[in-house]
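Residue numbers (my numbering), protein chains in the order written: chain G, 8 to 120; chain Y, 194 to 303.
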């Protein structure tokens, strides 16, 4: 157990639908990062939050959004889902946004049918 | 972020030492070199990080030459459970956009 909790572990939904992925960071970590990993794209950085505020944005689609709540858990919202959004979505956390302190969760596998 | 180049795949046998070299010609003064390990359907796991010379922990060693344009991750006496993808990342400690490349798939055979 890495200390980063992601729910649900698996999600199957239809095209056009909206889903929410949840991440609870490791205790004490203020930064949360979201990544998408698909077979043909590798591990892609989506977005980072630090203590409730958006800190950095990567290759995140406009159909995707995220937020970090006062208790530091984060949610990634994916809407108007397409078949190509099927992937593993990972959340990672770190203290103070430092590079070497990233701890990843076990991911949510999203399948869009 | 400095671009990194590492082999796509490597094969080894149990008990051997595996060395994965990563090239990062454009590494900046403030950049650190970090390696992660990822098993199928699991999130990446931090292995080791260094700035220069040699760093060793209970899992691996990281060798960094003086010019820092490359680095080598050394896994001593690998076992079947070391079969995984290994990622080399280079960036400033405060760089938030941690970008993973394709990594090196290491396959350990009995």
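Ideal Cβ positions, reconstructed from N, Cα and C, are used throughout, including at glycine.
Smallest Cα separation from residue i: which of the options?
i             : options                       : result
residue 114/G : 101/G, 102/G, 94/G and 90/G   : 94/G
residue 283/Y : 203/Y, 200/Y, 216/Y and 207/Y : 216/Y
residue 239/Y : 9/G, 118/G and 24/G           : 9/G
residue 259/Y : 200/Y, 222/Y, 211/Y and 274/Y : 222/Y
residue 196/Y : 264/Y, 275/Y and 303/Y        : 264/Y
residue 64/G  : 34/G, 57/G and 53/G           : 53/G
residue 77/G  : 66/G, 35/G, 120/G and 17/G    : 35/G
Nearest chain G C-beta to residue i closer than 8 angstroms, yes or no?
i             : result
residue 291/Y : yes
residue 238/Y : yes
residue 234/Y : yes
residue 294/Y : yes
Sort out for me which residues DSSP pairs residue i with in a bridge.
i             : result
residue 216/Y : 198/Y and 263/Y
residue 99/G  : 40/G and 111/G
residue 209/Y : In the DSSP output, where bridge partners are listed per residue, residue 209/Y has none listed.
residue 284/Y : 225/Y
residue 20/G  : 119/G
residue 238/Y : 230/Y
residue 268/Y : 211/Y
Tell me, please, whether the CB atom of residue i is closer than 8 angstroms to any CB atom in chain Y?
i             : result
residue 95/G  : yes
residue 50/G  : yes
residue 71/G  : no
residue 100/G : no
residue 114/G : yes
residue 121/G : Outside the shown range of chain G, which is 8 to 120, sits residue 121/G, and nothing can be said about it.
residue 9/G   : yes
residue 76/G  : no
Taking only three categories from DSSP, how would you classify residue i?
i             : result
residue 273/Y : helix
residue 92/G  : helix
residue 247/Y : strand
residue 87/G  : coil
residue 113/G : coil
residue 78/G  : coil
residue 64/G  : strand
residue 13/G  : strand
residue 297/Y : strand
residue 27/G  : strand
residue 33/G  : coil
residue 8/G   : coil
Starting from residue i and walking both ways along the beta strand (DSSP E), at which residues does that stretch end?
i             : result
residue 71/G  : 71 to 75
residue 39/G  : 38 to 45
residue 52/G  : 49 to 57
residue 224/Y : 224 to 231
residue 255/Y : 254 to 257
Quick check on residue i - is its C-beta less than 8 angstroms from some C-beta in chain A?
i             : result
residue 261/Y : The structure shown contains no chain A; its protein chains are G and Y.
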